[in-house]
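K.L.:
For the sequence shown, counting from 1, position 646 maps to 648 in my numbering; every step adds exactly one. Heads up, the beta-carbon is just placed ideally off N, CA and C, and yes, glycines get one too. Sharing a structure below in structure tokens format, with a few things to ask.
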Amino acid sequence: MFSKRSLPFLIVVLAGALFIGFQSLGTKGHNPPTKYEKILHNVGEMLDQVHYSPKAINDSFSREIFKKYLVAIDPDKNFFLQSDINQLKMYETKLDDEILGGPVQFVPAVAEIFKKRVAEADSITKLLLSKPFDFKANEEVVLDAEKLDFPKDEAERKDMWRKRLKYMVLERYVDMQDTQEKNKANDKDKTVVLKSNEQLESDARDRVQKIMNKTFDRYKFKFSVDDQFNTYVNTITTSMDPHTSFFPPVDKRYFDEQMSGRFFGIGASLREEDGGIKVMTLVTGSPAWKSGQVAVGDIIAKVAQGNGEAVDLTGYAVEDAVKLIRGDKGTEVKLTLKKTDGSMKVISLIRDEIVQDETFARSTIVDNGKSKVGYIYLPEFYADFDNPKGARCSADVAKELIKLKEQNVDGVVLDLRNNGGGSLFDVVQMVGLFIEDGPIVQVKDRDGKPSILRDRDKNILYDGPLAVMVNEFSASASEIFAAAIQDYHRGVIIGSTSTYGKGTVQRNIGLDKETGMFSSNSELGTIKLTLQKFYRINGGSTQLKGVSSDVVLPDVFEYSKLREKDDPDALPWDEIQKADYNTWKPGFDMNIVYNNSNGRVNSNPAFNEIKTDTKWLADQNDKVYSLNIDKFREEKKNISTTVKKLEALNKLPKELDVVTLPQDANRYANDKDRQDRFKQWQKSLKNDIYLNEAVNVVNDMVVQRNLAKAK
Numbered sequence: 003m004f005s006k007r008s009l010p011f012l013i014v015v016l017a018g019a020l021f022i023g024f025q026s027l028g029t030k031g032h033n034p035p036t037k038y039e040k041i042l043h044n045v046g047e048m049l050d051q052v053h054y055s056p057k058a059i060n061d062s063f064s065r066e067i068f069k070k071y072l073v074a075i076d077p078d079k080n081f082f083l084q085s086d087i088n089q090l091k092m093y094e095t096k097l098d099d100e101i102l103g104g105p106v107q108f109v110p111a112v113a114e115i116f117k118k119r120v121a122e123a124d125s126i127t128k129l130l131l132s133k134p135f136d137f138k139a140n141e142e143v144v145l146d147a148e149k150l151d152f153p154k155d156e157a158e159r160k161d162m163w164r165k166r167l168k169y170m171v172l173e174r175y176v177d178m179q180d181t182q183e184k185n186k187a188n189d190k191d192k193t194v195v196l197k198s199n200e201q202l203e204s205d206a207r208d209r210v211q212k213i214m215n216k217t218f219d220r221y222k223f224k225f226s227v228d229d230q231f232n233t234y235v236n237t238i239t240t241s242m243d244p245h246t247s248f249f250p251p252v253d254k255r256y257f258d259e260q261m262s263g264r265f266f267g268i269g270a271s272l273r274e275e276d277g278g279i280k281v282m283t284l285v286t287g288s289p290a291w292k293s294g295q296v297a298v299g300d301i302i303a304k305v306a307q308g309n310g311e312a313v314d315l316t317g318y319a320v321e322d323a324v325k326l327i328r329g330d331k332g333t334e335v336k337l338t339l340k341k342t343d344g345s346m347k348v349i350s351l352i353r354d355e356i357v358q359d360e361t362f363a364r365s366t367i368v369d370n371g372k373s374k375v376g377y378i379y380l381p382e383f384y385a386d387f388d389n390p391k392g393a394r395c396s397a398d399v400a401k402e403l404i405k406l407k408e409q410n411v412d413g414v415v416l417d418l419r420n421n422g423g424g425s426l427f428d429v430v431q432m433v434g435l436f437i438e439d440g441p442i443v444q445v446k447d448r449d450g451k452p453s454i455l456r457d458r459d460k461n462i463l464y465d466g467p468l469a470v471m472v473n474e475f476s477a478s479a480s481e482i483f484a485a486a487i488q489d490y491h492r493g494v495i496i497g498s499t500s501t502y503g504k505g506t507v508q509r510n511i512g513l514d515k516e517t518g519m520f521s522s523n524s525e526l527g528t529i530k531l532t533l534q535k536f537y538r539i540n541g542g543s544t545q546l547k548g549v550s551s552d553v554v555l556p557d558v559f560e561y562s563k564l565r566e567k568d569d570p571d572a573l574p575w576d577e578i579q580k581a582d583y584n585t586w587k588p589g590f591d592m593n594i595v596y597n598n599s600n601g602r603v604n605s606n607p608a609f610n611e612i613k614t615d616t617k618w619l620a621d622q623n624d625k626v627y628s629l630n631i632d633k634f635r636e637e638k639k640n641i642s643t644t645v646k647k648l649e650a651l652n653k654l655p656k657e658l659d660v661v662t663l664p665q666d667a668n669r670y671a672n673d674k675d676r677q678d679r680f681k682q683w684q685k686s687l688k689n690d691i692y693l694n695e696a697v698n699v700v701n702d703m704v705v706q707r708n709l710a711k712a713k
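In structure tokens form, the structure reads like this:
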């Protein structure tokens, strides 16, 4: 455990704000501490003294981190040799000492070996891909790293690479053969130039070589010791629980931007393509658009901050490139562009505010002849904490409800599928739009009694029929909302058997000792720390169990191990005393609505087929694959047939009538690309089999309510 000499943190939790102050830490004779040591020691102190349920940082914890970190650096276990692991064993029980205040030695030691092994693997892959593969041999490849050990010697490592590369080439070779056969069958004029199998196999190896070149470029040019250290700190934090994490400063800024829906940049959407970062679209009115010097198709080769040294984007993922391109408003960024004609050009742009309003709440109407149902899509519980006038999801959902009420909708569907959560404050405000007043969620820290967050506004913005759509990826704030609606009996929760199961609350705390008490941003980085658990007003936690749907719809991810309960580091489920609240009185028997929907779902051939095929696909996914082309083709055919069937089942035989609200007719009139994407979003809803059933559920509520009123 931590030394008793460590200075305690001052913790004050008031109205959702956390302030932490701490003084400089001792470093056990290692003076002055390096940046790595400052970060690690401060993180360790926070975990021990503030985390909701910290593990003891001792030799046992050290062994856990040792094992996890090596897998985090080499997830496929095809770089390190067993001899490397043995060599690094000297650190196996010393990582707790590094966290407690000792010098950071493990990461540099791993980095030195990893750099050497990456260079060797690069040579191995080039050699293996220089010669044709034999796809007639009967052998298999294991792609699930959990079933593998690090190779015992160089020969075993080479064979692991051979099988992995052979599988990658086989995938592409079979696809090329199938594409050529399809083109040949459709070639009435006999103009298609056919390639031999030898040529196709060679082309497939070339494609895989390009992928590997890109992969190794990333390791060589992007995956620095700093990146490896950040991975190390995150290995430590996520071992406490999956949602405690470390953000370097640039990552924290990116996180804030995603939450707020606004950032300061150049206004270009990017995509990774052919080993480069390509400009795909420009935002009308943005710095890139105004300059007239950036065009769709340009490759961004380098990025410089003003007059600083340009960073080569070779090996960069789009997300990492974006972090370099964005920055503070009014600052200069210089881009080295490779134009479509092959010429290179350096341009200077001044960053300005870009609003990502496509990630905000939006609505439309589904008119099925029986009733008009308003549909609101909320991708996340966003909030711009730094700007009092910035976007907040609760305010935006209220605006959408008002727009729908103006159109006299009979009911509302709120779609929280794939909504990973966000602002706790906005959840409380949003539930308050649908109920009179009362408790919304209970929150408990590791030492205190539960506190209750309430809606104190007796006004109800919308009191009509309500359905809330969820799935396995509806998490955190989404689960609080769904749980409150369910506990109040205010609406019907419809979707997967249960939601994700994240019942914990995090706060961002800066790591600088001088400013950590007041700022969630610092030059050392930020820790997103689990401080509390939240509980439903009925007393149960959503942790691990999530929220069970009132109406269950079969879906393709039901058997995938993607929920909180599938993470071994997840905190346990528990319950506390229920809050005092009064349930909603809909005026009719809600069980009739449940029974009607369950009857439709159980008799629906599409839903039944989805349930059967999804279970079959999950059973096939053991990540052991044949490298024999005939067996591979048979396996691929069976899986492909099932997947195509599932895709077809997810589409309705008759499209829903999705109607644009008059207020949104010219929502993106000045930006054709955005307008087209808005229309595409509406089009995607027309074939949504899950939305169709949600609309049916609302229709049933409308009918039952009208019958009750008639009596």
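What do you get for Asp621, buried or exposed, if any count of 16 or more other CB atoms within 10 angstroms of its CB means buried?
P.N.:
By one-based count along the sequence shown, residue 621 stands at place 619. Exposed, since its Cβ has fewer than 16 Cβ neighbours within 10 Å.
K.L.:
Could you give the DSSP three-state label for Gln307: helix, strand or coil?
P.N.:
For the purposes of this step, residue 307 is taken as residue 305 along the sequence shown, with counting starting at 1. If DSSP states are grouped into helix, strand and coil, Gln307 belongs with the strands.
K.L.:
What are the residues that DSSP puts in a beta bridge with Arg509?
P.N.:
Here residue 509 refers to the residue found at position 507 of the sequence shown. Paired residue(s): Leu531.
K.L.:
Taking the alpha helix (DSSP H) that Val235 falls in, what are its first and last residues?
P.N.:
As a working note, residue 235 is residue 233 in the sequence shown. Residues Val227 to Met242.
K.L.:
Nearest to Lys292 by alpha carbon, out of Lys567, Leu435, Thr193 and Arg353?
P.N.:
Against the sequence shown, residue 292 aligns to sequence position 290. Answer by Cα proximity: Arg353.
K.L.:
Could you tell me whether the stretch 122 to 136 touches the stretch 166 to 184, where touching means 3 or more Cβ pairs closer than 8 Å?
P.N.:
Judged by Cβ distances under 8 Å, the stretch 122 to 136 makes contact with the stretch 166 to 184, as three or more pairs qualify.
K.L.:
Looking only at its own chain, which residues have a Cβ that is under 7 Å from the Cβ of Glu274, when we skip the five neighbours before and after it?
P.N.:
Start at 1 with the first residue of the sequence shown, and residue 274 comes out as number 272. The residues are Ala319 and Val320.
K.L.:
Evaluate contact between the stretch 598 to 616 and the stretch 692 to 704, counting only Cβ atoms and requiring at least three cross-stretch pairs below 8 Å.
P.N.:
Taking 8 Å as the limit for Cβ pairs, the verdict is that the stretch 692 to 704 does touch the stretch 598 to 616.
K.L.:
Would DSSP call Gln706 helix, strand or coil?
P.N.:
Position 704 of the sequence shown, counted from the first residue, corresponds to residue 706. Correct three-state label for Gln706: helix.
K.L.:
What's the call for His491, buried or exposed, on a 16-neighbour Cβ count within 10 Å?
P.N.:
For the purposes of this step, residue 491 is taken as residue 489 along the sequence shown, with counting starting at 1. Burial call: exposed.
K.L.:
Using 8 Å as the threshold, is the C-beta distance between Phe362 and Val433 below it?
P.N.:
Here residue 362 refers to the residue found at position 360 of the sequence shown. Here residue 433 refers to the residue found at position 431 of the sequence shown. Against a cut-off of 8 Å, the Cβ pair of Val433 and Phe362 comes out as no contact.
K.L.:
Which residue from Leu326, Gln295 and Val296 puts its Cα closest to that of Gly310?
P.N.:
For the purposes of this step, residue 310 is taken as residue 308 along the sequence shown, with counting starting at 1. Ranking the options by Cα distance to Gly310, first place goes to Leu326.
K.L.:
When you compare each of Asn188, Lys633 and Ile238 to Leu49 by their alpha carbons, which one comes out closest?
P.N.:
Taking the first residue of the sequence shown as position 1, residue 49 is located at position 47. Checking every option, the nearest Cα to that of Leu49 belongs to Ile238.
K.L.:
Taking only three categories from DSSP, how would you classify Thr585?
P.N.:
The residue given as residue 585 occupies position 583 in the sequence shown. Of the three classes helix, strand and coil, the one that applies to Thr585 here is coil, per DSSP.
K.L.:
To the nearest angstrom, report how far apart Lys477 and Met471 are at their CA atoms.
P.N.:
Taking the sequence shown and counting its residues from 1, the one referred to as residue 477 is at position 475. Taking the sequence shown and counting its residues from 1, the one referred to as residue 471 is at position 469. The question names Lys, but residue 477 is Ala in the sequence shown. Distance between the alpha carbons of Ala477 and Met471: 12 Å.
K.L.:
What's the gap between the Cα of Val430 and the Cα of Lys711?
P.N.:
The count along the sequence shown starts at 1 and reaches residue 430 at position 428. The count along the sequence shown starts at 1 and reaches residue 711 at position 709. Taking the straight line from one Cα to the other gives about 31 Å.
K.L.:
Checking 8 Å against the spacing of the C-beta atoms, do Ile378 and Val414 come in under that value?
P.N.:
Position 376 of the sequence shown, counted from the start, is the residue given in the question as residue 378. Position 412 of the sequence shown, counted from the start, is the residue given in the question as residue 414. Going by C-beta atoms, Ile378 is nearer than 8 Å to Val414.
K.L.:
Taking C-alpha atoms, which residue in Gln684, Leu435, Val112 and Gly493 lies nearest to Phe81?
P.N.:
For the purposes of this step, residue 81 is identified with residue 79 of the sequence shown, where counting begins at 1. Ranking Gln684, Leu435, Val112 and Gly493 by Cα distance to Phe81 puts Val112 first.
K.L.:
Distance, Cα to Cα, Thr1 vs Pro289?
P.N.:
Lying before the first or after the last residue shown, residue 1 is absent from the chain, which here runs from 3 to 713.
K.L.:
In terms of residues, what are the limits of the beta strand (DSSP E) holding Asp447?
P.N.:
Here residue 447 corresponds to residue number 445 of the sequence shown, with the count starting at 1. That run of the beta strand (DSSP E) goes Gly440 to Asp447.
K.L.:
Between Thr366 and Glu408, what straight-line distance do the alpha-carbon atoms span, to the nearest angstrom?
P.N.:
Position 364 of the sequence shown holds residue 366. Position 406 of the sequence shown holds residue 408. Straight-line Cα distance between these residues: approximately 12 Å.
K.L.:
Which same chain residues, not among the five before or five after Gln179, have their C-beta less than 8 Å away from its C-beta?
P.N.:
The residue you call residue 179 lines up with position 177 of the sequence shown. The residues are Asn199 and Leu202.
K.L.:
Quick one: is Pro77 near chain C, going by C-beta distance under 8 Å?
P.N.:
In the structure shown, chain C does not exist; there is a single protein chain.
K.L.:
Name the two residues that bound the continuous beta strand (DSSP E) containing Leu284.
P.N.:
To locate residue 284, count along the sequence shown from 1; it is residue 282. Note, Leu284: beta strand (DSSP E), Gly278 to Leu284.
K.L.:
Can Tyr234 and Ala206 be called in contact, C-beta distance under 8 Å?
P.N.:
Counting from 1 along the sequence shown, the entry for residue 234 is found at position 232. Counting from 1 along the sequence shown, the entry for residue 206 is found at position 204. No, they are not a contact pair.
K.L.:
Take every Cβ of the stretch 544 to 557, pair it with every Cβ of the stretch 486 to 503, and state whether three or more of those distances are shorter than 8 Å.
P.N.:
Yes: at least three Cβ pairs fall under 8 Å.
K.L.:
Identify the continuous beta strand (DSSP E) that holds Lys347 and give its terminal residues.
P.N.:
On the sequence shown, residue 347 is found 345 positions in, with the first residue counted as 1. Lys347 -> beta strand (DSSP E) spans Met346 to Ile352.
K.L.:
Report the option in Gly422, Phe383 and Glu158 whose CA atom is closest to the CA atom of Glu474.
P.N.:
Residue 474 sits at position 472 when you count from the first residue of the sequence shown. The shortest Cα separation from Glu474 among Gly422, Phe383 and Glu158 belongs to Gly422.
K.L.:
For the putative contact between Gln307 and Val335, defined by C-beta atoms under 8 Å, what is the C-beta separation to the nearest angstrom?
P.N.:
For this step, residue 307 is matched to residue 305 along the sequence shown. For this step, residue 335 is matched to residue 333 along the sequence shown. Indeed they touch by this definition, with Cβ atoms about 6 Å apart.
K.L.:
Spatial neighbours of Val705 within its chain, please: CB distance less than 7 Å, with the 5 preceding and 5 following residues excluded, ordered by chain position.
P.N.:
Numbered from its first residue, the sequence shown carries residue 705 at position 703. Here the set comprises nothing.
K.L.:
What span of residues does the beta strand (DSSP E) with Gly46 cover, start to end?
P.N.:
In the sequence shown, counting from the first residue as 1, residue 46 sits at position 44. Run containing Gly46: none in the beta strand (DSSP E); it sits in the alpha helix (DSSP H), Lys37 to Val52.
K.L.:
Going by DSSP in three states, Ile302 sits in which element: helix, strand or coil?
P.N.:
Numbered from 1 along the sequence shown, position 300 holds the residue referred to as residue 302. Here Ile302 sits in strand by DSSP.
K.L.:
Cα-Cα, which of Lys535, Leu629 and Arg456 is closest to Asp447?
P.N.:
Along the sequence shown, one-based indexing puts residue 447 at 445. Minimum Cα distance to Asp447 is reached at Lys535.
K.L.:
Starting from the C-beta of Ser562, find all residues in its chain whose C-beta is less than 8 Å away, skip the five residues before and the five after it, and write them out in chain order.
P.N.:
Numbered from its first residue, the sequence shown carries residue 562 at position 560. Hits under 8 Å: Glu474 and Ala620.
K.L.:
Inspect the beta-carbon positions of Ser64 and Lys96 and report whether they are closer than 8 Å.
P.N.:
Indexing the sequence shown from 1 puts residue 64 at position 62. Indexing the sequence shown from 1 puts residue 96 at position 94. Their beta carbons are under 8 Å apart, which means Ser64 touches Lys96 by this criterion.
K.L.:
Could you pull out every unbroken alpha helix (DSSP H) segment of at least 4 residues lying fully inside the stretch 343 to 418, listed in chain order?
P.N.:
Segments of the alpha helix (DSSP H) lying fully in the stretch 343 to 418: 395 to 408.
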